[in-house]
Amino acid sequence: MWNEPSAGIAVAAADAANATGGAPRLPQPAVVATVEPGSIGEELGFQPGDKLLSINGQRPRDLIDLQFLVGEEELVLEVEDPDGTLHTVELEKDLDEGLGLGFTEALFDGLKQCNNACPFCFIDQQPPGKRRSLYLKDDDYRLSFLYGSYLTLTNLSEADWRRIETQRLSPLYVSVHATEPELRSRLLVNPRAGLLLEQLQWFQQRDLQIHAQVVVCPGLNDGPALERTLRDLAGFAGGDWPAVLSAAVVPVGLTRFRPPGDGLVPVDRACARRVIAQVEPLQARFQAELGSRFAWLSDEWYLMAGYPLPPRDNYEDLPQEGNGVGSIRAFLEAMDAATTRLPAALDQPRRVSWVVGLLVAEALRPAVERLNAVAGLEVLLHGLPSPYWGQDQVVTGLLTGSDLLQGLAGRDLGAELLLPAVMLRQGEPVFLDDQRLEDLTSQLPVPIRLVQGADDIVAACLGFLDEAA
Ligand code: SF4
């Protein structure tokens, strides 16, 4: 699956040996990015740019190590100033007290990349020549633990397995795709992929947990294979401490950049309806057996099928919201809440536009109609396809700068364009096609306002953010 490491958790790719489970790279120093006001770090005089070399004589490999090493009452820190001066700092603190430092990277010894060759890999379906982080095949169990990115478990060394056990790195998020060994090996093009069921037993025996995902490729792992996969996973979901906490079922994303003749078939309306008709009865069965629906269909299935999204209650505690399961339903609910008590009229007439992916536009219309019932307010909703990826039915987060320029050309944008920040790389004003936000700003005839979340969108529509400014 695709997890572009965000700016701020930017990581250097490990060397080839590390990516295949060999000897890891020597950890680099942890570079301080932020110092929390009032923290021990501030008291000690830490500044952004300082390098933390070791804690009690040990070099942390990543933020997880760092957290473990800092959990002592007495610390000896080895620190290097930006000018190269070395310091040794000794301190005493409460056991659970942190240093209040943020770091430029999450991994100090490099990213473990995947050793698979899935034909449906989204990373391989991009055009060449974009920013390097777009091509990093993150398959790193530490990022899975820290940020919920998915991994396949095919590149773990003995030392990695030991570390998962001793540091209790749980839950992890595992791309399963299929449980039948031969089929999973074929999908990931890796014989090690066939070990998944043994690996799940390993988690179960140690009271460690995972969330699973299945990317459905029509004709490859749908139908009976999908049924078997979900039943096998549910076999690890019983008891007080289930090894598999949930399974998300998501449609494969195919772009126009994939090689010809790859045999992959895009999900269409008929396929979406078939998968829903297959998984919903399984959900009912799991509910009866496990007390949870357990297997979750991402919102895209319902939007592609042309069905209404299930009610919010169906999603229980949204165990796979980050994977698009219930996220649009939760957003619609937040929009409902944010638009229940709107003013009857605005003091000043206002016309703004709001751009979203074509796939979600229809579901947002009722909320937009409620906003447009406010006298003096007109919100123009623009649902756009993605010529860049070659996808008509696209979610908002995949729209690129060129999609926006092409799709919005000649459209009525009102006085301002509301642009969901989810289209940009976290922490950086850049789109998935490397187009920068400032380029878009200079080419569109109206100012752009970044918006995030329902309350922010409604406040921006009403012009309340201007009043507050
Ligand atoms: S090749 Fe497979 S496992 Fe590796 S990043 Fe791509 S989809 Fe994920």
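Under numbering that gives the first Met the number 0, the letters of the sequence shown match residues 0 to 468, in that order. Every residue gets a Cβ at the ideal spot worked out from N, C-alpha and C, and that includes glycine.
Can you give me the Cβ contacts of residue i inside the same chain, cut-off strictly under 8 Å, excluding the 5 residues immediately before and after it?
i    : result
P47  : V31, A32, T33 and V34
Q347 : G375 and G462
A224 : A177, E179 and L182
Between residue i and the rest of its own chain, which residues show a CB-CB distance below 6 Å, the 5 nearest in sequence each way excluded?
i    : result
A366 : M334 and T338
L150 : D138, Y140 and S143
G262 : none
S53  : E77
A468 : Confidence is the limiting factor: at A468 the pLDDT is only 47, short of 50, which leaves the residue's position unreliable, though a coordinate-based value still follows. No residues qualify anywhere along the chain.
E279 : none
D231 : T178
L281 : L229 and A294
By Cβ distance below 7 Å, which residues in the same chain neighbour residue i in space, the five residues on each side in sequence not counted?
i    : result
S38  : L98 and G99
S326 : D298 and E320
E42  : none
L68  : I54, N55, Q57 and P59
D221 : V215 and V274
P217 : V264, V266 and C270
W1   : In this prediction, W1 has a pLDDT of 49, which is less than 50 and means its spatial position is unreliable; what the coordinates show is noted afterwards. Excluding positions up to five away in sequence, the list reads F121 and I122.
F45  : V31, V34 and L100
Is residue i buried or exposed, if buried means 16 or more other CB atoms sit within 10 Å of its CB?
i    : result
S136 : For the record, residue 136 in the displayed sequence is Lys; it is not Ser. Answer is buried; the Cβ neighbour count reaches 16.
A192 : buried
H176 : buried
G109 : buried
E104 : buried
D472 : As shown, the chain starts at 0 and ends at 468. That puts residue 472 outside it, with no answer to give.
E415 : buried
A408 : exposed
W353 : buried
A29  : buried
V359 : buried
D206 : exposed
Y301 : buried
A116 : exposed
V88  : exposed
L85  : exposed
G40  : buried
Q392 : buried
L453 : Rather than Leu, the amino acid found at residue 453 in this sequence is Ala. With 16 or more Cβ atoms within 10 Å of its Cβ, A453 is classed as buried.
D239 : exposed
R185 : buried
Going straight from the alpha carbon of residue i to that of residue j, what length do you get?
i    : j    : result
A343 : V445 : 27 Å
L51  : Q286 : 49 Å
S148 : V173 : 8 Å
L219 : L464 : 49 Å
A242 : I447 : 46 Å
M422 : V75  : 43 Å
E179 : E164 : 25 Å
Q200 : I122 : 30 Å
T440 : Q166 : 47 Å
L58  : P26  : Here residue 58 turns out to be Arg, not Leu, going by the sequence shown. If you take the alpha carbons of R58 and P26, they lie about 7 Å apart.
P118 : E197 : 24 Å
E377 : G413 : 8 Å
D411 : S132 : 35 Å
S169 : L145 : 10 Å
Q434 : A283 : 45 Å
D82  : L90  : 23 Å
P310 : E368 : 20 Å
P258 : R340 : 51 Å
L398 : L94  : 46 Å
L253 : V324 : 19 Å
A458 : L289 : 42 Å
H381 : L194 : 46 Å
D402 : Q124 : 17 Å
P318 : Q208 : 13 Å
G260 : L106 : 38 Å
E157 : D64  : 18 Å
L345 : L443 : 26 Å
H210 : P126 : 31 Å
For my contact list, residue i and residue j are in at a C-beta cut-off of 8 Å; report their separation, rounded to the angstrom.
i    : j    : result
E379 : R350 : According to the sequence as given, residue 379 is Leu; it is not Glu. The pair is a contact, with the Cβ atoms about 7 Å apart (cut-off 8 Å).
Q203 : A247 : Wrong, their Cβ atoms sit about 20 Å apart, outside the cutoff.
G436 : V429 : A small fix is needed here, since residue 436 is Leu in this sequence, not Gly. Right, the Cβ-Cβ distance comes to about 7 Å (below 8 Å), so this counts as a contact.
N322 : V249 : 6 Å
G389 : R255 : 3 Å
V355 : L363 : 6 Å
D438 : G400 : 7 Å
P384 : L357 : 5 Å
L244 : A294 : Not quite, the Cβ-Cβ distance comes to about 12 Å (not below 8 Å), so this is no contact.
R268 : G305 : 6 Å
A420 : V394 : The Cβ separation is near 14 Å, so there is no contact.
L370 : C460 : 5 Å
Any heavy atom of ligand 2 closer than 6 Å to the beta-carbon of residue i?
i    : result
T254 : Ligand 2 is not part of the structure shown, which contains ligand 1 as its ligands.
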